[in-house]
Each structure stands twice: as structure tokens, then as C-alpha cells.
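Undergrad: The structure under discussion is supplied below as C-alpha cells; questions concerning it will follow.
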Amino acid sequence: MNERQDFYYWRVLATGICFTLFGVGGLLMGLVLFPILALFSRDPRVRTRRCRLVIHHAFRLFIKLIHSLGLLTYSLDGEESLRGEGVLVIANHPTLIDVIFLVAQIPNASCIVKAGLFQNPFTRGPVSWAGYIPNTEPEELFENCQRQLEEGANLVIFPEGTRSIEGRLHKFRRGAAYIWLRFNCDLALATLNSEPPTLAKNTPWYKIPRQRFHYSLKVRRAGETTLLQPVPDAGDDARSINRQWQEYFQQELTT
Numbered sequence: 068m069n070e071r072q073d074f075y076y077w078r079v080l081a082t083g084i085c086f087t088l089f090g091v092g093g094l095l096m097g098l099v100l101f102p103i104l105a106l107f108s109r110d111p112r113v114r115t116r117r118c119r120l121v122i123h124h125a126f127r128l129f130i131k132l133i134h135s136l137g138l139l140t141y142s143l144d145g146e147e148s149l150r151g152e153g154v155l156v157i158a159n160h161p162t163l164i165d166v167i168f169l170v171a172q173i174p175n176a177s178c179i180v181k182a183g184l185f186q187n188p189f190t191r192g193p194v195s196w197a198g199y200i201p202n203t204e205p206e207e208l209f210e211n212c213q214r215q216l217e218e219g220a221n222l223v224i225f226p227e228g229t230r231s232i233e234g235r236l237h238k239f240r241r242g243a244a245y246i247w248l249r250f251n252c253d254l255a256l257a258t259l260n261s262e263p264p265t266l267a268k269n270t271p272w273y274k275i276p277r278q279r280f281h282y283s284l285k286v287r288r289a290g291e292t293t294l295l296q297p298v299p300d301a302g303d304d305a306r307s308i309n310r311q312w313q314e315y316f317q318q319e320l321t322t
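Numbering of the sequence shown is given in our numbering, commencing with residue 68 and proceeding in unit increments.
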């Protein structure tokens, strides 16, 4: 057994501690920190942006924590492409920590999230104060997406709708493609990967690899590669865009 495997039980313990801190941190942000921040601005857009910035820095700190505790190594490639304004960010969803790595690169990030997160006491505060969008009524969802993109937020969407199972991509849902076709915004595709796979769907948080896993984030703007067109063509529909995106991610994950 090598040295990394020797620390397996420490990594299980540290993983539990980190996720506990994550939950408690979300609770305290929603109950204490964000209400205090709200006292200093009457403009709801300013309040929302400040709350997003706090979450951005909190996620950066969380990544530093899990890295310093030896839970993972990680690499970033092209992350500067996530820092513009009004960018639609499409990502695959292999692990429980994907949104953490993405939002840690985006100071003004919004996300489409499961409606259940607005009922969870640990996540309700952050997702509400940050103006994240629940995946409920389609027309209301599109209106929220348009408004936030026009206000300069970068919108993160996972077209799989849920985490992957053992590295296999789920079939992409077409909602993200409809948004791009409808609003013709800047587009970035973020390929996320964990080697070996961990924290996937149906995998308990404590079932971690025997060695530290490596997490990678690779971002490409549409137009930077021949596999991605920079703007929708006149004849494109959501189905063809969706197929193009899914083929891109599949190729990125297998090369």
C-alpha cells in the first residue's frame, strides 16, 4: 500500500468534516451574513451581486481547504473564459463539487438549480439571496435567465440535470440549448472530470477512492474550437445544438 492509500481513513474523516462545515457555512450565511449585507444596500441587484461575490470567495476558500487537507489535487485550464459578463456556461456534472469549482471562478454567477434546494435549511439561504433560478415553470425560468444574463450575470447550467453515474454522460436536456438559441449570448463549455471517479450520483460521500482523486476543469469559449460554433446558425434547432454539445463533451472526456 502506497503513502496516499495509508491516509485513506483520514481522508474519509476529513471529507465528512468538510461537508459538515459546508452545510453549517451555508446555514450561517443565510441566517446571519446575508441579512447583515442587505442592510447596506436598498438596490436588490446590488445585494444579489454582493451575495454572489461572498459565495464565490467562500467556494474558493473551500477548495483551498479540501486541497490543503489532501483530499484532492486539481488543475484549471481556460478558467479566465468564465469571468466575462452575460456568459452562458454549459457544463457536464460528474461530481458533488462541480458547482463549487465553477462558481469559485465566477464572481457574479447564477445557476439553474433544483427547486428542492430552496427547501433545504442548509442551502435555502444562499440560493435565495444569490438569486439562483429554480427549475420550475419553463416560461418563468426563461424570463429569469434573460433578465440575469442582461444584468451581466454568468449563468451556469448542467444540461444532464443531475450528476453522472460513474463518468457516463446522461442524455442532455434541451433547455440550455433553447436558452442559447433564444438569447444568443456568449457561450462557454466547461468540461469537468474526476480521476478516479468519486462523489458521483448514487455514491455516498464517504465512499472515496483509495488514493487522492484529481479534479480537472477545462473551459473553452464557442469559436475557440472547430467543434463549437460561436453563434447559432439560422437553421439550428435545440436538438441539433444539444447533439453538438453532447458530442463535444463526450470527445473531451475520452481524449
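All C-beta atoms in this analysis are idealised placements derived from N, C-alpha and C, irrespective of residue type, glycine included.
For the beta strand (DSSP E) that ILE157 lies in, which residues bound it at each end?
TA: Locating residue 157 in the sequence shown gives position 90, counting from the first residue. Its beta strand (DSSP E) spans residues 154-158.
Undergrad: Quickly, what does DSSP pair LYS268 with across the bridge? List them, please.
TA: Residue 268 sits at position 201 when you count from the first residue of the sequence shown. Answer is none; LYS268 lacks a bridge partner.
Undergrad: Please state whether DSSP places THR82 in a helix, a strand or coil.
TA: Here residue 82 refers to the residue found at position 15 when the sequence shown is read from its first residue. Helix, per DSSP.
Undergrad: Give every residue of the same chain whose Cβ lies closer than 7 Å to the Cβ of TYR273, excluding the five residues on either side of it in the sequence, and list them in chain order.
TA: Counted from its first residue, the sequence shown places residue 273 at position 206. Taken in chain order, the residues that qualify are VAL79, THR82 and GLY83.
Undergrad: What do you reckon, are the CB atoms on LEU139 and ARG279 nearer than 9 Å?
TA: Start at 1 with the first residue of the sequence shown, and residue 139 comes out as number 72. Start at 1 with the first residue of the sequence shown, and residue 279 comes out as number 212. Yes, the pair counts as a contact, with Cβ atoms nearer than the cut-off.
Undergrad: Can you tell me where the beta strand (DSSP E) with SER108 in it begins and where it stops?
TA: Locating residue 108 in the sequence shown gives position 41, where the first residue counts as 1. Unbroken run through SER108: none, as it is neither H nor E.
Undergrad: In the segment 170-222, which residue ranges form an unbroken beta strand (DSSP E) of at least 3 residues, counting only runs that do not cross its ends?
TA: Runs found: 176-180.
Undergrad: Would you call GLY192 buried or exposed, if buried means 16 or more other Cβ atoms sit within 10 Å of its Cβ?
TA: As a first step, residue 192 must be located in the sequence shown, where it is residue number 125. Its Cβ being crowded by 16 or more others within 10 Å, GLY192 is buried.
Undergrad: What are the partner residues of HIS281, as DSSP defines its beta bridges?
TA: In the sequence shown, residue 281 corresponds to position 214, counting from 1. Beta-bridge pairing links HIS281 to THR140 and GLU262.
Undergrad: Taking the beta carbon of MET68 as the centre, do at least 16 other beta carbons fall within 10 Å, making it buried, or is it exposed?
TA: Here residue 68 refers to the residue found at position 1 of the sequence shown. Caution is warranted here: a pLDDT of 45 is assigned to MET68, below 50, making its placement in the model unreliable, and the coordinate value is therefore given only provisionally. The residue in question, MET68, is exposed, as its Cβ has fewer than 16 Cβ neighbours within 10 Å.
Undergrad: Using C-beta distances below 7 Å, list every residue in its chain close to ARG116, excluding the 5 sequence neighbours before and after it, in chain order.
TA: In the sequence shown, residue 116 corresponds to position 49, counting from 1. ASN175, listed in sequence order.
Undergrad: Can you look up ARG117 in the DSSP assignment and give me helix, strand or coil?
TA: Numbered from its first residue, the sequence shown carries residue 117 at position 50. Helix at ARG117.
Undergrad: Are the beta-carbon atoms of PRO264 and THR270 separated by less than 9 Å?
TA: Position 197 of the sequence shown, counted from the start, is the residue given in the question as residue 264. Position 203 of the sequence shown, counted from the start, is the residue given in the question as residue 270. Yes, they are a contact pair.
Undergrad: Please report how far the alpha carbon of ARG235 lies from the alpha carbon of LEU136, in whole angstroms.
TA: Along the sequence shown, read from residue 1 onward, the residue named residue 235 stands at position 168. Along the sequence shown, read from residue 1 onward, the residue named residue 136 stands at position 69. Roughly 28 Å separates the two Cα atoms.
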